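Visitor: Just add 337 to wherever you are in the sequence shown, counting from 1, and you've got the working numbering.
Even for Gly, the Cβ is constructed at its ideal location relative to N, Cα and C.
A quick note: this is a predicted structure, and the numbers were derived from the prediction, not measured.
Okay, here's the structure, questions in a sec.
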Amino acid sequence: MSDLITTPFGFTSTADEILAGVDLTGRRAVVTGGATGIGRETTRALAAAGAEVTIATRNLAAAHRLAGELDGNVQAAALDLADLDSVDEPPEMFGKGVAAWAVDPDNAAHLWDVATALLKV
Numbered sequence: 338m339s340d341l342i343t344t345p346f347g348f349t350s351t352a353d354e355i356l357a358g359v360d361l362t363g364r365r366a367v368v369t370g371g372a373t374g375i376g377r378e379t380t381r382a383l384a385a386a387g388a389e390v391t392i393a394t395r396n397l398a399a400a401h402r403l404a405g406e407l408d409g410n411v412q413a414a415a416l417d418l419a420d421l422d423s424v425d426e427p428p429e430m431f432g433k434g435v436a437a438w439a440v441d442p443d444n445a446a447h448l449w450d451v452a453t454a455l456l457k458v
């Protein structure tokens, strides 16, 4: 059996609290569904911490609006996880250096930690 992982964070913790003191400069994240809901907050927090963020979404208009509101390097890319042709696009559409999906807040059954969510450029 493995030991439980403990954290000082809980249900009331904010993204800003979790990322306090974390410098994500030079890191890149792809946030699926990153224009609305929890994905929007994930995008905002990662960008505020210095990450280059690609919002992969069906709602490009909302993603472009959010990218315009945020300071930092945020871009939008069309992606519909229910459309195999959309998913089959080359990874380059998400920016140089992205090798895998970085964040998937659309799936409420999974919570990702910062280390899992970020890739080196």
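Assuming A393 contacts A414 (C-beta within less than 8 Å), just tell me the rounded distance between them.
Guide: Locating residue 393 in the sequence shown gives position 56, where the first residue counts as 1. Locating residue 414 in the sequence shown gives position 77, where the first residue counts as 1. Between A414 and A393 the Cβ distance is about 5 Å, and since that is below 8 Å, they are a contact.
Visitor: Could you check what DSSP says for R395 in three-state terms: helix, strand or coil?
Guide: Position 58 of the sequence shown, counted from the first residue, corresponds to residue 395. The answer is coil: DSSP assigns R395 none of H, G, I, E or B.
Visitor: Suppose you measure from the CA of V368 to the CA of S339; what does that come to, to the nearest Å?
Guide: For this step, residue 368 is matched to residue 31 along the sequence shown. For this step, residue 339 is matched to residue 2 along the sequence shown. Their backbone Cα atoms lie some 30 Å apart in a straight line.
Visitor: Report back the beta-carbon spacing between A384 and D353 to the nearest angstrom; my notes put them in contact at under 8 Å.
Guide: Start at 1 with the first residue of the sequence shown, and residue 384 comes out as number 47. Start at 1 with the first residue of the sequence shown, and residue 353 comes out as number 16. Not a contact, Cβ separation roughly 12 Å.
Visitor: Identify every residue that forms a DSSP beta bridge with T369.
Guide: For the purposes of this step, residue 369 is identified with residue 32 of the sequence shown, where counting begins at 1. Note: T369 sits in a beta bridge opposite A393.
Visitor: By DSSP, does A414 sit in helix, in strand, or in coil?
Guide: Taking the sequence shown and counting its residues from 1, one reaches residue 414 at position 77. Looking at A414 - three-state DSSP - the assignment turns out to be strand.
Visitor: Can you look up A352 in the DSSP assignment and give me helix, strand or coil?
Guide: Counting from one through the sequence shown, the residue named residue 352 turns up at place 15. Three-state result, A352: helix.
Visitor: Please classify P442: does DSSP put it in a helix, a strand, or coil?
Guide: The residue you call residue 442 lines up with position 105 of the sequence shown. Since pLDDT at P442 reaches only 48, below the 50 mark, its modelled position is unreliable, and no value is offered.
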